[in-house]
Amino acid sequence: MKSIFLENELWGLVILGAFQRADCYKKDSEVLQIRKRDFKRDLRLHIDTTILPQYKGEVSEDKHIENIIDLIEFSKRYADIFSRESLNFGISQKLLNLYLKYHWVAGNIERPPHFPVDRIIQEKLGIKNIQPWTQFSLTDGKYDYVIAYAKQVLKDKHIPKTELHESAFDSLADLELHLFNRR
């Protein structure tokens, strides 16, 4: 019972984090509310049964990107609820990366290859030209830029005006966790 409660709470936080600023849905109606509820239920089932089990072991960056794209494709089944007929890459990466982060911290999966990219992490990394994550596309290179920037921070083991414990530089996921906890 405790684990079901925790899973439901984690999912609620993921939905809030991924969709609160996304403005991806069509204008509300009673029918749309039902379809949105169905989408969120089915999306969670899809992630829990198809994607999450892969992360019990190490997942490559290429496979991780494929999984983000899989969420975009899955969302097309609910094209009628979205203003642009599906989730975009930015929302999908935030959704999956946040869900993976929570499961990693809870000890349910191995360390994920990336972290949830949003405004906060871009600021914490010291990125000068912050990009709106809710508008990232697969091909615009903005997500890749943030990940590459974070990899350089790992390599340099330094962020200007920020002191971090050595363990912060073990992986991208560790770096984001340390930076997030400094809020």
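Residues in the sequence shown are numbered from 3 upward in steps of one, following the working numbering.
Ideal Cβ positions, reconstructed from N, Cα and C, are used throughout, including at glycine.
CA-CA distance, residue i and residue j?
i, j, result
"aspartate 176", "leucine 34", "38 Å"
"valine 148", "isoleucine 67", "14 Å"
"alanine 170", "leucine 156", "8 Å"
"tyrosine 80", "leucine 15", "21 Å"
"glycine 59", "arginine 46", "20 Å"
"serine 85", "glutamate 32", "16 Å"
"proline 134", "isoleucine 93", "10 Å"
"isoleucine 122", "phenylalanine 21", "15 Å"
Could you pull the start and end residues of the alpha helix (DSSP H) that residue i belongs to?
i, result
"phenylalanine 138", "No alpha helix (DSSP H) holds phenylalanine 138; DSSP gives it neither H nor E."
"valine 61", "Valine 61 -> no alpha helix (DSSP H), and no H or E assigned at all."
"histidine 160", "No alpha helix (DSSP H) contains histidine 160, which DSSP labels as neither H nor E."
"glutamate 9", "4-21"
"histidine 180", "174-182"
For residue i, list the residues DSSP reports as bridge partners.
i, result
"tyrosine 27", "Phe84"
Reducing DSSP to helix, strand and coil, say where residue i ends up.
i, result
"aspartate 188", "A question about residue 188 goes unanswered here, because the residues of the chain that appear run from 3 up to 185."
"leucine 166", "coil"
Segments of 3+ residues assigned as beta strand (DSSP E) that fall wholly inside the region 64-132:
none
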